[in-house]
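Engineer: One structure, pasted below without further comment.
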Amino acid sequence: MTERCGWVNEDPLYIDYHDHEWGVPVHDDLKLFEMLNLEGAQAGLSWYTILKKREHYREAFDQFDPCRIVNYDEEKVNELLQNAGIVRNRLKIAAVIQNAKAFLQVQREFGSFNRYIWGFVDGDPIINHWDNLSQVPAKTAQSDAMSKDLKKRGFKFVGSTICYAYMQATGMVNDHTKTCIRYTQ
């Protein structure tokens with residue numbers, strides 16, 4: 001029997017996400033932007049809920065193109081609030097727009113969002129060695145620092161727990177448990 005991290009269910013979508021995305025280092029600015037916003041959309045919900053809606057999110061938010069999103073107006077927000085394919089929460093929708101503005105500013109300041117965000121782990125993934133899921137923290141000093149700095153720069157829905165989940169998802173942290181098939185990969 002193939003063992004995976006304890007949070008994975010039997011849905012092939014979830015298994016594929018775990019086996020091919022979660023914990024794999026991401027350095028593409030647009031993918032990093034997408035994941036930051038999807039993690040924010042997760043607040044109060046499960047990642048599984050957001051993962052099932054991810055394609056709808058991509059379509060609704062112009063493939064997470066920040067240059068397009070910064071121009072969203074009230075008409076577009078109202079359209080998004082009617083979209084059953086995404087979480088229809090005005091604050092979360094407004095956060096994506098605000099995050100696009102802040103993201104573009106970070107790109108201007110640092111040359112890339114990748115350079116900025118990976119600075120919180122000194123450019124290299126943190127490799128953890130957990131025996132089981134109960135040992136995995138919900139946040140760390142690095143996620144605290146990331147959250148504080150993102151908020152200072154105007155980002156929304158970027159609390160420390162969201163930032164840690166983001167770090168896990170984008171491979172800044174490897175939190176596959178030691179018994180998981182992905183641990184050594």
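Sequential numbering from 1 applies to the sequence shown in the UniProt record's numbering.
Don't be surprised by glycine CBs; every beta carbon is placed ideally from N, CA and C.
(1) Roughly how many angstroms lie between the CA atoms of residue 69 and residue 8, to the nearest whole one?
(2) Sorted by chain position, which residues of the same chain lie with C-beta nearer than 8 Å to residue 82's C-beta, five sequence neighbours on each side aside?
(3) Where does residue 173 fall in DSSP's three states?
(4) Name the DSSP beta bridge partners of residue 127, please?
(5) Roughly how far, in whole angstroms, is the beta-carbon of residue 118 from the beta-carbon of residue 172, given that I think they are within contact range, below 8 Å?
(6) Does residue 104 come out as helix, strand or coil in the three-state DSSP assignment?
(7) Excluding five sequence neighbours on each side, which residues of the same chain lie with their C-beta closer than 6 Å to the C-beta of residue 175?
(8) Are the Cβ atoms of residue 154 and residue 98 separated by less than 8 Å?
(9) Let me know the secondary structure DSSP gives residue 147 once reduced to three states.
(10) Hey, how far is the Cα of residue 124 from the Cα of residue 25?
(11) Using the three-state DSSP reduction, which class does residue 50 fall into: helix, strand or coil?
(12) Please confirm whether residue 37 and residue 96 have their CB atoms less than 8 Å apart.
(13) Check whether the Cβ atoms of residue 100 and residue 77 sit closer than 8 Å, and answer yes or no.
Structural biologist: Taking the geometry as given:
(1) Going by the C-alpha atoms only, they are around 32 Å apart.
(2) Excluding positions up to five away in sequence, the list reads 88.
(3) Shown here, residue 173 sits in a strand according to DSSP, grouped into three states.
(4) DSSP, once it has assigned bridges, lists 174 as partnering residue 127.
(5) That pair is a contact at about 7 Å.
(6) Residue 104: helix per DSSP, three-state reduction.
(7) Result list for residue 175: 128, 136, 168, in chain order.
(8) Closer than 8 Å, so yes.
(9) In this structure, residue 147 counts as helix in the three-state DSSP scheme.
(10) So the alpha carbons of these two residues sit roughly 9 Å apart.
(11) Here residue 50 sits in helix by DSSP.
(12) Cβ atoms of residue 37 and residue 96: closer than 8 Å.
(13) No, Cβ-Cβ distance for residue 100 and residue 77 is not below 8 Å.
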